[in-house]
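Residue numbers (our numbering): -17 to 405.
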Amino acid sequence: MDTEILITLIILLCAVLFYSTSWMNVTATSLLILAALYLSGIVTVSELFINLVNGSTLLVIFMFVISGSLLKSGASALIGKWLVWKAKTEKQIVMRLLLLSMLLSAFFSNMATAVVVAAFAAGIAESHKDYHLPKMTMSIAVGSILGGMLTMIGVSGNVMVKTFLEESGAGSVGFWDFGKIGLPLCIAGYLYMYFAGYRLSPAKSANDTYIVHTEHQEDTYSKGPCFFTLFVFGMVIICMMLENVIHLPIHMTAFFGSLILIVSRTITEKEAFSYVNWPTTLMFASLLTLGSAISKSGAASLISKNFLGLFGEGTNKMFILSIFFVMIVIITQFMSNGATAAVFYPIGLSVAQQLHVSPVATLMMVCVAAGSSFATPMATPLNAYLMSVSGCGFLDYLKVGIPLLVLTTTICVVLCPVIWRIV
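Right, here's the structure in full:
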């Protein structure tokens, strides 16, 4: 095995180990990845830091600022009140919280979505003692994850798809392309939670043994900043949708939206910086660099060849891709979904090239697989957060998550090849 490939694989394994455990914090792990890649000679200085200022990373930063402004102004709370208005039963509340989570997560951080909507749920649980917070938080988890699959800015892994495709010259994806598979998944997820997930969610009241540790947003808000923020947010989304018409990259649209909010003092400079999740941003950039190194060193090609070597000549291509999908789904339950996506995008590209199938379809399948983090608390930070808020247990996530994983896997394996013409 080539020395560069061996070193890259060692760095990859260490990254997976450190990101999926609490041995080292996210920032330290991200910096160590960059240092190891440079010291081993796999990437140059220019290659090392280029992803800290590329369009994808800047988009993540500016969307943190915009979503922070939505939180501060009370706009997100106002949206929440509109959606839960006149709900009479616990099931209605649970389903509306699911819908709200899907809607918000499509446009800003799923972690921010979980925190905001969990605050609504906590207030409801405290005022209605017969309503169960674990049922509500489970729907918030499902909604936040599925909603992130609707748009390019839903989760950082979606932005990575565009980056890897364009850098490899294999194509590109637009703002709403994710919704082609994300919308069917959201509809299926909603129906699943309505008919089965609600019943499978834990009914034990958090009031019995758990104290809710979530910050409530103020009920009062200033109409001026609130509606101005909603207007700016709406214009940002419209401009992103019209990217190919107005010829303005989506990260520049997010930049101008952030600029307007800061200049207008809707959000202060200090608040803008505080709302950016810097460890997540650094992890995003370092994983893009690691992904590039996996491709550059030949590690992606080696892994894909060994994977394809498990199958005989003439094996159905869709069967191979389905096994690849399931493998990623299993791995992402025990590893950060963003890290899983970054690791498997270059491998997915190599698999697509060797199978002579559409790289866009293959990477969209990888994207959904890496994002399907329903079954364990460690699959995504929002699951761990909601677990701490409500007292849901590991088995509760398994009970609700495994059937949903089977459902999303089936839908993705069937629809992705049709939507993006895999061959």
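Idealized CB from N, CA, C, for every residue including glycine. Note that the structure is predicted; figures quoted are calculated from it, not measured.
Asked, Found
"Counting Cβ pairs closer than 8 Å, one from the stretch 299 to 314 and one from the stretch 346 to 362, do we hit at least three?", "yes"
"Could you spell out where the alpha helix (DSSP H) holding Q336 opens and where it closes?", "N319 to L337"
"Find the nearest neighbour of T9 within the set A267, A343, L345 and A361, judged by alpha-carbon distance.", "A267"
"Between the beta-carbon of G239 and the beta-carbon of I43, is there less than 8 Å?", "no"
"Which residues in the same chain as V137 place their Cβ atom closer than 7 Å to its Cβ, once the five residues preceding and following it in sequence are excluded?", "N92, G130 and G353"
"Do G125 and L81 have their C-beta atoms within less than 8 Å of each other?", "yes"
"Distance check for N365 and T133, CA to CA, integer angstroms please.", "21 Å"
"To test your reading of the DSSP string, which unbroken alpha helix (DSSP H) runs of 4 or more residues are found completely within the stretch 66 to 134?", "72 to 87, 92 to 109 and 115 to 129"
"Got a sec, what are the start and stop residues for the alpha helix (DSSP H) E225 sits in?", "E225 to I228"
"Per DSSP, what kind of secondary structure is C168 in: helix, strand or coil?", "helix"
"Measure the C-alpha to C-alpha separation of V194 and I163 and round it to an integer number of angstroms.", "Model confidence at V194 stands at a pLDDT of 42, short of 50, so the residue's coordinates are unreliable; what they give is reported in the following sentence. Whole-angstrom Cα-Cα distance: 35 Å."
"Exposed or buried, what is M347 when buried is set at 16 or more other beta-carbons lying within 10 Å of its beta-carbon?", "buried"
"Tell me whether the stretch 257 to 274 and the stretch 137 to 148 touch, counting them as touching only if at least three CB pairs, one residue from each stretch, are closer than 8 Å.", "yes"
"Find the nearest neighbour of S12 within the set V(-2), I24, G23 and S22, judged by alpha-carbon distance.", "V(-2)"
"Do you know offhand how far A104's Cα is from G373's?", "12 Å"
"Tell me whether A282 is buried or exposed, calling it buried when 16 or more other Cβ atoms sit within 10 Å of its Cβ.", "buried"
"Does the beta-carbon of I122 have 16 or more other beta-carbons within 10 angstroms, so that it is buried, or is it exposed?", "buried"
"By how many angstroms is the C-alpha of T262 removed from the C-alpha of N36?", "15 Å"
"Between the stretch 276 to 290 and the stretch 327 to 341, do at least 3 Cβ pairs fall closer than 8 Å?", "yes"
"Any idea what DSSP makes of C374, helix, strand or coil?", "coil"
"Check for me: the alpha helix (DSSP H) holding N20 runs from which residue to which?", "A small fix is needed here, since residue 20 is Tyr in this sequence, not Asn. Segment V8 to L21, the alpha helix (DSSP H) holding Y20."
"In chain order, what residues of the same chain lie with their CB nearer than 6 Å to the CB of M6, ignoring the 5 residues before and after it?", "F0"
"Indicate the three-state DSSP secondary structure (helix, strand or coil) for G37 in the structure shown.", "helix"
"Does the stretch 146 to 156 come within contact of the stretch 337 to 345, defined as at least 3 CB pairs closer than 8 Å?", "yes"
"Using only CA atoms, which one of Y176, A107, V27 and H233 lies nearest to S38?", "H233"
"Count the other C-beta atoms from every protein chain shown that fall within 10 angstroms of the C-beta of D378, then say buried if there are 16 or more, exposed otherwise.", "buried"
"Going by C-alpha to C-alpha distance, which of I384, C398 and V218 sits closest to A178?", "I384"
"Between which two residues does the alpha helix (DSSP H) carrying P341 extend?", "P341 to G353"
"Go ahead and label T392 buried or exposed: buried means 16 or more other beta carbons lie within 10 angstroms of its beta carbon, across all protein chains shown.", "exposed"
"So is N319 buried or exposed if we call it buried at 16+ other beta carbons inside 10 Å?", "buried"
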